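K.L.:
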Amino acid sequence: MPGKIRRVAVIGAGPSGAIATDALVKEQAFDTVRVFDRRPIPGGTWIYTPHLPASIPSLKTLLDGKADALVPIPAQLPAQTPKSEAINSHQVRFSDTAQHEHLHTNITPEIMSFTTEPFPETVTDRIREKYGDDAPFRGREQIREWVENIFIRNGHEKLLELSTTVELAEKKGDEWVLTLRKELPGKDQWWQEKFDALIVATGHYNIPWLPKIEGITEYDQRFPGRIVHSKHFRDSDKYKGKKVIVVGGSVSSHEILHEVLPVAQHPVYASLRGEPLPHFGWAPFTHPHISVQKQIIKFDSDNGAITFEDGTVVKDVDYVVFGTGFTFSFPFLPKVQERVQKVDRRLPGVYFHTWDIEDPTLAFLGMCGGGFTFRLFEWQAVTVSRLLAGRGNHLPSKEEQKQWEKDRVAEFGGGKDYYIIAPFYKEVFEYFRSVAGDPAPGTTGRVLPPFDDKLLDIWAAMGSAKTNFWEDARKKAEAELNEQPVRSKLGGLPPASYSSQPSQLSNIPYFIGRLIAPTVAANFCAAFFQNPSGCSLLLCADTLVTRGARLQSRHKPAPPGSFSSSQVSRY
Numbered sequence: 001m002p003g004k005i006r007r008v009a010v011i012g013a014g015p016s017g018a019i020a021t022d023a024l025v026k027e028q029a030f031d032t033v034r035v036f037d038r039r040p041i042p043g044g045t046w047i048y049t050p051h052l053p054a055s056i057p058s059l060k061t062l063l064d065g066k067a068d069a070l071v072p073i074p075a076q077l078p079a080q081t082p083k084s085e086a087i088n089s090h091q092v093r094f095s096d097t098a099q100h101e102h103l104h105t106n107i108t109p110e111i112m113s114f115t116t117e118p119f120p121e122t123v124t125d126r127i128r129e130k131y132g133d134d135a136p137f138r139g140r141e142q143i144r145e146w147v148e149n150i151f152i153r154n155g156h157e158k159l160l161e162l163s164t165t166v167e168l169a170e171k172k173g174d175e176w177v178l179t180l181r182k183e184l185p186g187k188d189q190w191w192q193e194k195f196d197a198l199i200v201a202t203g204h205y206n207i208p209w210l211p212k213i214e215g216i217t218e219y220d221q222r223f224p225g226r227i228v229h230s231k232h233f234r235d236s237d238k239y240k241g242k243k244v245i246v247v248g249g250s251v252s253s254h255e256i257l258h259e260v261l262p263v264a265q266h267p268v269y270a271s272l273r274g275e276p277l278p279h280f281g282w283a284p285f286t287h288p289h290i291s292v293q294k295q296i297i298k299f300d301s302d303n304g305a306i307t308f309e310d311g312t313v314v315k316d317v318d319y320v321v322f323g324t325g326f327t328f329s330f331p332f333l334p335k336v337q338e339r340v341q342k343v344d345r346r347l348p349g350v351y352f353h354t355w356d357i358e359d360p361t362l363a364f365l366g367m368c369g370g371g372f373t374f375r376l377f378e379w380q381a382v383t384v385s386r387l388l389a390g391r392g393n394h395l396p397s398k399e400e401q402k403q404w405e406k407d408r409v410a411e412f413g414g415g416k417d418y419y420i421i422a423p424f425y426k427e428v429f430e431y432f433r434s435v436a437g438d439p440a441p442g443t444t445g446r447v448l449p450p451f452d453d454k455l456l457d458i459w460a461a462m463g464s465a466k467t468n469f470w471e472d473a474r475k476k477a478e479a480e481l482n483e484q485p486v487r488s489k490l491g492g493l494p495p496a497s498y499s500s501q502p503s504q505l506s507n508i509p510y511f512i513g514r515l516i517a518p519t520v521a522a523n524f525c526a527a528f529f530q531n532p533s534g535c536s537l538l539l540c541a542d543t544l545v546t547r548g549a550r551l552q553s554r555h556k557p558a559p560p561g562s563f564s565s566s567q568v569s570r571y
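Residue 125 in full-length UniProt numbering sits at position 125 of the sequence shown; the count goes up by one each step and never skips.
See below:
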């Protein structure tokens, strides 16, 4: 780490920003820790924003990768400026969150909470009605308050600068110069602050990602409002009696599909480019009122027709809801943004999804997926904080870090698969723990305990609450329809050979991981301590993560109908 790090800025007051703040303070090595967030309260993406306009201002600009641009900055600072559409519009700045009214967690508290910050035990009435009295999920506002309380109960609220956007972060010499804009009544206040290191904890749920499909921009211009992204879904009210297509095979599409299913026109169409999540398989899509379709290949702006890959055409659609995820955007870091715009949904030049390869004073938290994400935020935050404090073990050389990235791109390409850590959660966590090491003697640094294998058992069984809900919904609908011929006419009947339960193959990577984990972990630690510079560690860590994903991609449940089982790419 170059020089002595005394001043650290954290961008984002969501879950990863909260735990990063606590980790930094408890290292007792920094004179200044400041946390900036553009929203008025802590919570990050868990803040519900129903009062904000929820729509895409320009689909064409979004698809062209120009939707989240650097804003004009006053020539002289500090300064005050009147508010403007370009700078203050929630739509233009994509500052509304992806929360809908009934959103809840989909991971158990034991896995999702931090080690010393347990989740609230209270279960909301709606969640209890949906999943039972012992439901493992928590409501969105419970999580937001939990994040806020991490700041409050640890005395970190005084470090927060809310309603403040980091408009520009530039490295000048050995310092990070942040240009900041605070929203005040009727005006904006601008100023600059300097830091030695920067932790970006802005998350990756800000800028919607939609596939570039033939005719989609013309269709959007001809039929404004029909194309919706899951980020802007708030409730099912406007979908009552409407013809709806839900695009995507992941968690957001599951949620929205079953939110609109009770009120929308039947069948509701579910469009997937490949397979859904292996953990749930096809259970979310098995319902007599859901018509599973392949990916959309064309939007016709002349007659409003939408064509699927197998030639099926649907007309008079009221809404097409894309649950297709998000893309990265860092307009306040112009050089980083240039890197992002050259690749497919990935942040290049970052080692192990955390450290900027060229500048270790710049770190990113919260970009990984595939489960255990909140807890991984903690492991990342503690490791980054300890290295910034001049402690812990060294990262691999730049050349080795670049090779790690090169190998991972070759294995996964871009998109969300690049960031999936499943199924070798234990090995990834142990990697960060090995780099972080123990807290310095006499400090209050956070301790990263060894990964608890019981969490893997909890993870393996976690899907039952969801699948039971989907199964109950299916059985109820079938009972109401009563006869098979009626179901067939609706177009929602899966092939007779299809089981509504997730394929047992989806658990193969998990069980293999459980069998080999002790040996791998032993080799992992031995490799690290034999070569702290990182060469053996680098190869071991890369092998663990990529091998797990290879297993996962080779053992996905076979989809219904005529889908090709070899098609592994998915929304």
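From the three backbone atoms N, C-alpha and C, an ideal C-beta is built for every residue, glycine too. Keep in mind it's a predicted model, so treat the numbers as computed, not measured.
What three-state label does DSSP hand Ala169 in the structure shown?
P.N.:
Stepping through the sequence shown from its first residue, residue 169 is reached at position 169. Here Ala169 sits in strand by DSSP.
K.L.:
Since Phe326 and Tyr419 should fall inside the 8 Å C-beta cutoff, what is the C-beta to C-beta distance between them, to a whole number of angstroms?
P.N.:
As a working note, residue 326 is residue 326 in the sequence shown. As a working note, residue 419 is residue 419 in the sequence shown. With a Cβ gap of about 11 Å, Phe326 and Tyr419 do not count as contacting.
K.L.:
My output table needs one value for Phe457: the three-state DSSP class, helix, strand or coil.
P.N.:
Position 457 of the sequence shown, counted from the first residue, corresponds to residue 457. Strictly speaking, residue 457 in this sequence is Asp, with Phe absent from that position. Asp457: helix per DSSP, three-state reduction.
K.L.:
Roughly how many angstroms separate the alpha carbons of Gln99 and Pro262, rounded to a whole number?
P.N.:
As a first step, residue 99 is located in the sequence shown; it is residue number 99 there, counting from the start. As a first step, residue 262 is located in the sequence shown; it is residue number 262 there, counting from the start. So the alpha carbons of these two residues sit roughly 20 Å apart.
K.L.:
Label Leu537 either buried or exposed according to how many other C-beta atoms from any shown protein chain fall within 10 Å of its C-beta, with 16 as the threshold for buried.
P.N.:
Start at 1 with the first residue of the sequence shown, and residue 537 comes out as number 537. In this predicted model, Leu537 has a pLDDT of only 36, less than 50, meaning its place in the structure is not dependable; the value taken from the coordinates is given anyway. Its Cβ being crowded by 16 or more others within 10 Å, Leu537 is buried.
K.L.:
Could you please give the first and the last residue of the uninterrupted alpha helix (DSSP H) stretch that includes Ala91?
P.N.:
Numbered from its first residue, the sequence shown carries residue 91 at position 91. At residue 91 the sequence reads Gln, which differs from the Ala that was named. That run of the alpha helix (DSSP H) goes His90 to Arg93.
K.L.:
Tell me the rounded alpha-carbon separation between Gly3 and Ala29.
P.N.:
To locate residue 3, count along the sequence shown from 1; it is residue 3. To locate residue 29, count along the sequence shown from 1; it is residue 29. So the alpha carbons of these two residues sit roughly 13 Å apart.
K.L.:
Leaving aside the five residues before and after Thr49 along the sequence, list all residues of the same chain whose C-beta is less than 6 Å from its C-beta, in chain order.
P.N.:
As a first step, residue 49 is located in the sequence shown; it is residue number 49 there, counting from the start. Within the same chain, Thr49 has close Cβ partners Asp96 and Thr97.
K.L.:
Determine contact between the segment 376-396 and the segment 239-246, defined as no fewer than three beta-carbon pairs at a distance below 8 Å.
P.N.:
no
K.L.:
Using 8 Å as the threshold, is the segment 140-153 in touch with the segment 36-47, meaning 3 or more CB pairs across them?
P.N.:
yes
K.L.:
Leaving aside the five residues before and after Ser55 along the sequence, list all residues of the same chain whose C-beta is less than 6 Å from its C-beta, in chain order.
P.N.:
Numbered from its first residue, the sequence shown carries residue 55 at position 55. These residues qualify, in order along the chain: His232.
K.L.:
Would you say the segment 472-482 touches the segment 404-419, given that touching needs at least three Cβ pairs under 8 Å?
P.N.:
no
K.L.:
When the Cα of Gly323 is compared with those of Gly225, Glu101, His254 and Asn106, which residue comes out closest?
P.N.:
Along the sequence shown, read from residue 1 onward, the residue named residue 323 stands at position 323. Closest by alpha carbon: His254.
K.L.:
Using a 10 Å radius around the Cβ and a threshold of 16 neighbouring Cβ atoms, would you call Gln401 buried or exposed?
P.N.:
The residue you call residue 401 lines up with position 401 of the sequence shown. Result: buried.
K.L.:
Indicate the three-state DSSP secondary structure (helix, strand or coil) for Thr443 in the structure shown.
P.N.:
Here residue 443 corresponds to residue number 443 of the sequence shown, with the count starting at 1. In this structure, Thr443 counts as coil in the three-state DSSP scheme.
K.L.:
Below 7 Å CB to CB, which residues in the same chain sit around Val71 once its five sequence neighbours on both sides are set aside?
P.N.:
Taking the first residue of the sequence shown as position 1, residue 71 is located at position 71. Excluding residues within five positions, the ones whose Cβ falls inside 7 Å are Ala86, Ile87 and Glu167.
K.L.:
Ignoring anything shorter than 3 residues or poking outside the segment 155-225, list the beta strand (DSSP E) runs there in chain order.
P.N.:
164-172, 175-184, 187-195 and 197-200
K.L.:
Quick one: Cα of residue 617 to Cα of Ser271, how far?
P.N.:
A question about residue 617 goes unanswered here, because the residues of the chain that appear run from 1 up to 571.
K.L.:
Quick one: which unbroken alpha helix (DSSP H) runs of 4-plus residues sit fully inside the segment 297-357? Chain order, please.
P.N.:
DSSP runs (the alpha helix (DSSP H)) wholly in the segment 297-357: 334-340.
K.L.:
With distances taken Cα to Cα, identify the nearest neighbour of Asp220 among Lys60, His51, Glu183 and Asp452.
P.N.:
Residue mapping note: residue 220 aligns to position 220 of the sequence shown, counting from 1. Asp220 has its Cα closest to that of Lys60, out of Lys60, His51, Glu183 and Asp452.
K.L.:
Assign Arg144 to one of three DSSP states: helix, strand, or coil.
P.N.:
Translated into positions along the sequence shown, residue 144 becomes position 144. Arg144 sits in a helix when the DSSP states are folded into three classes.
K.L.:
Report the rounded CA-to-CA distance for Leu395 versus Glu427, giving the unit in angstroms.
P.N.:
Taking the sequence shown and counting its residues from 1, the one referred to as residue 395 is at position 395. Taking the sequence shown and counting its residues from 1, the one referred to as residue 427 is at position 427. A direct Cα-Cα distance of roughly 17 Å separates Leu395 from Glu427.
K.L.:
Decide if residue 601 is buried, meaning its Cβ has at least 16 other Cβ atoms within 10 Å, or exposed.
P.N.:
There is simply no residue 601 to check, as the chain begins at 1 and stops at 571 in what is shown.
K.L.:
Please classify residue 603 as buried or exposed, where buried requires at least 16 other C-beta atoms within 10 Å of its C-beta.
P.N.:
Outside the shown range of the chain (1 to 571) lies residue 603, about which nothing can therefore be said.
K.L.:
Pull up the distance between the alpha-carbon of Gly43 and that of Arg181, whole angstroms please.
P.N.:
Taking the first residue of the sequence shown as 1, we reach residue 43 at position 43. Taking the first residue of the sequence shown as 1, we reach residue 181 at position 181. Using only the alpha carbons, I get a separation of about 19 Å.
K.L.:
May I ask you to report which of helix, strand or coil DSSP gives Pro560?
P.N.:
On the sequence shown, position 560 is the one that residue 560 refers to. Only weak support is given to the placement of Pro560: the predicted model assigns it a pLDDT of 32, under 50, and the question is left unresolved by the model.
K.L.:
By DSSP, does Val244 sit in helix, in strand, or in coil?
P.N.:
Counting from 1 along the sequence shown, the entry for residue 244 is found at position 244. Strand.
K.L.:
Give me the residue from Lys187, Pro82, Phe151 and Thr81 with the minimum Cα distance to Met12.
P.N.:
Reading the sequence shown from its first residue, position 12 is the one you call residue 12. Looking at the sequence shown, residue 12 is not Met but Gly. Closest option to Gly12, Cα to Cα, is Phe151.
K.L.:
With a threshold of 6 Å on Cβ separation, who are the neighbours of Phe429 within its own chain once the five nearest residues in sequence on each side are excluded?
P.N.:
One-based indexing of the sequence shown puts residue 429 at position 429. So the list reads Trp379 and Phe451, once near-sequence residues are dropped.
K.L.:
Residue 604 to Gln265, Cα distance in whole Å?
P.N.:
In the structure displayed, the chain extends from 1 to 571; residue 604 sits before or after that span and is not available.
K.L.:
Specify, as a first and last residue, the run of the alpha helix (DSSP H) that Ile19 falls within.
P.N.:
Position 19 of the sequence shown, counted from the start, is the residue given in the question as residue 19. Its alpha helix (DSSP H) spans residues Pro15 to Glu27.
K.L.:
Straight-line CA distance for Asp316 to Ala305?
P.N.:
Looking up residue 316 in the sequence shown gives position 316. Looking up residue 305 in the sequence shown gives position 305. Their Cα atoms are separated by approximately 7 Å.
K.L.:
So what's Ser553 in DSSP terms, helix, strand or just coil?
P.N.:
To locate residue 553, count along the sequence shown from 1; it is residue 553. Because the pLDDT at Ser553 is just 39, under 50, the model does not fix this residue reliably, and the point stays unresolved.
K.L.:
Can you pull the DSSP bridge partners for Ile11?
P.N.:
Residue mapping note: residue 11 aligns to position 11 of the sequence shown, counting from 1. Answer is Phe36 and Val200.
K.L.:
Which residues in the same chain as Thr361 place their Cβ atom closer than 6 Å to its Cβ, once the five residues preceding and following it in sequence are excluded?
P.N.:
As a working note, residue 361 is residue 361 in the sequence shown. Correct list, in chain order: Ala197.
K.L.:
Using the beta-carbon count (16 or more within 10 Å), is Leu77 buried or exposed?
P.N.:
In the sequence shown, residue 77 corresponds to position 77, counting from 1. It counts as exposed.
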